[in-house]
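For reference, the structure is listed below as structure tokens.
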Amino acid sequence: MSIIFTTYVPEGIVMASDSRQTATIEGVMPDGKKLPKFETVTSDNCYKLFLLEEQHIGVAVFGETILGGTPVEHSVRLFMEEYNDPKDDILDVVEKMMRHFSAKYPSADTAFHMCGYKFAGKVSVPYVYHCQVSRNEIKRINVRPDTDQVIYGTAWGGQSDIVAQLVQPGMRTIHGLNNVQVVNPPIIWDAMSVQDAIDFSIFTVWTTMEMVRFQARPKNVGGPIDVLLITPRGSGWIQRKDVYNDNYTPY
Numbered sequence: 738m739s740i741i742f743t744t745y746v747p748e749g750i751v752m753a754s755d756s757r758q759t760a761t762i763e764g765v766m767p768d769g770k771k772l773p774k775f776e777t778v779t780s781d782n783c784y785k786l787f788l789l790e791e792q793h794i795g796v797a798v799f800g801e802t803i804l805g806g807t808p809v810e811h812s813v814r815l816f817m818e819e820y821n822d823p824k825d826d827i828l829d830v831v832e833k834m835m836r837h838f839s840a841k842y843p844s845a846d847t848a849f850h851m852c853g854y855k856f857a858g859k860v861s862v863p864y865v866y867h868c869q870v871s872r873n874e875i876k877r878i879n880v881r882p883d884t885d886q887v888i889y890g891t892a893w894g895g896q897s898d899i900v901a902q903l904v905q906p907g908m909r910t911i912h913g914l915n916n917v918q919v920v921n922p923p924i925i926w927d928a929m930s931v932q933d934a935i936d937f938s939i940f941t942v943w944t945t946m947e948m949v950r951f952q953a954r955p956k957n958v959g960g961p962i963d964v965l966l967i968t969p970r971g972s973g974w975i976q977r978k979d980v981y982n983d984n985y986t987p988y
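Those letters in the sequence shown? Residues 738 to 988, by this note's numbering.
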């Protein structure tokens, strides 16, 4: 499981992810009898957020993150080495990547957010896609379905129940005041700055991880938070874990 967030505001797109990788294990007794399946943490250093530097396109992965027995980072890197063309725009990358992953891993319960900008004349237009591998599904999520007008907001994938309670519009009951029901205050995405989008993305991923830590449930999100910013003028990492060893002691 994972938690990823993509927040798209007028001046940029912010993508954030956790780093925990889990696997479902099914043990077998010496007599061949299968034991109940259980989920275990295999790493807190899994990369789920990627940048195609030439095209300034971001890719976030959630769902099944071990493909063909290897971390999804390996699968994405091989795709980029073999198929990525610097001249590709966001639409080309989405179509190529989905064609590749759906053919190679047709039953994978893996999904992507893919984001970038494409120019219509002199005007930059943001594109935010949700793609699901096993259903071979591609959907642009930052436009109104009836008009294709660009809209601003946030989308998430993976362990979604916690943050849905915070972000989605809905009613809540104020107890002690005759149980009055009020509408949750909205977030005004159209007026949100890039810095606020960064802060919001980190907050939502962190909140999800902390609630999972305290609740009696599988600990399937965690680890460092990676954050990527994409704008019409370029892209870059706000924060990204790196390989290090503070306390290396040779055997």
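Just so you know, even glycine gets a beta-carbon here, dropped at the ideal spot from N, CA and C.
Check                                                                                                                                                                     : Outcome
Confirm, please, whether the CB-CB distance from Arg877 to Val865 is below 8 Å.                                                                                           : yes
Anyone know if the C-beta pair for Val751 and Ser938 falls short of 8 Å?                                                                                                  : yes
Are the region 956–963 and the region 777–790 touching by the rule of at least three beta carbon pairs closer than 8 Å?                                                   : yes
Residues in its own chain within less than 6 Å of Thr941 by CB, not counting five upstream and five downstream?                                                           : Phe742 and Val900
Could you have a look at Val796 and say whether DSSP puts it in helix, strand or coil?                                                                                    : strand
CB-CB under 8 Å to Lys774, same chain, minus the five flanking residues each way: which ones, in chain order?                                                             : Thr761, Ile762 and Glu763
Taking the beta carbon of Met851 as the centre, do at least 16 other beta carbons fall within 10 Å, making it buried, or is it exposed?                                   : buried
Just checking my contact of Phe816 with Met834 at CB under 8 Å: how many whole Å lie between their CB atoms?                                                              : 6 Å
Going by alpha carbons, who is nearest to Ile924 out of Thr744, Asp825 and Lys978?                                                                                        : Thr744
Note the first and the last residue of the continuous beta strand (DSSP E) segment covering Ala953.                                                                       : Per DSSP, Ala953 belongs to no beta strand (DSSP E) and is neither H nor E.
So the candidates are Pro823, Asp822 and Leu786; which of them puts its Cα closest to the Cα of Ser812?                                                                   : Leu786
Looking at the secondary structure, which residues open and close the beta strand (DSSP E) in which Met851 lies?                                                          : Thr847 to Ala857
Can you list, in chain order, the residues of its chain with a C-beta nearer than 7 Å to that of Met766? Leave out the 5 residues immediately preceding and following it. : Leu772
Could you tell me which residues DSSP puts in a beta bridge with Asp963?                                                                                                  : Ser754
What residues match up with Val880 in a beta bridge as DSSP calls it?                                                                                                     : Val887
Below 8 Å between beta carbons: does that hold for Glu776 and Thr802?                                                                                                     : no
Can you tell which of Gln932, Ala934, Leu903 and Ser754 has the C-alpha that lies nearest to the C-alpha of Asn921?                                                       : Leu903
Considering Ile740, what are the terminal residues of the alpha helix (DSSP H) in which it resides?                                                                       : That residue, Ile740, is in no alpha helix (DSSP H); its beta strand (DSSP E) goes Ile740 to Val746.
May I ask you to report which of helix, strand or coil DSSP gives Phe790?                                                                                                 : The displayed chain sequence assigns Glu, not Phe, to residue 790. Coil, per DSSP.
Would you mind sorting Gly973 into buried or exposed? The rule is 16 or more other CB atoms within 10 Å of its CB.                                                        : exposed
Tell me whether Thr944 sits in a helix, a strand or coil according to DSSP, three-state version.                                                                          : helix
Can you say whether Val980 is buried or exposed, counting buried as having 16 or more other CB atoms within 10 angstroms of its CB?                                       : exposed
Let's test the definition: count the other Cβ atoms within 10 Å of the Cβ of Ala934 and tell me whether it reaches 16, buried, or not, exposed.                           : buried
What residue range does the alpha helix (DSSP H) around Ile827 cover?                                                                                                     : Ile827 to Lys841
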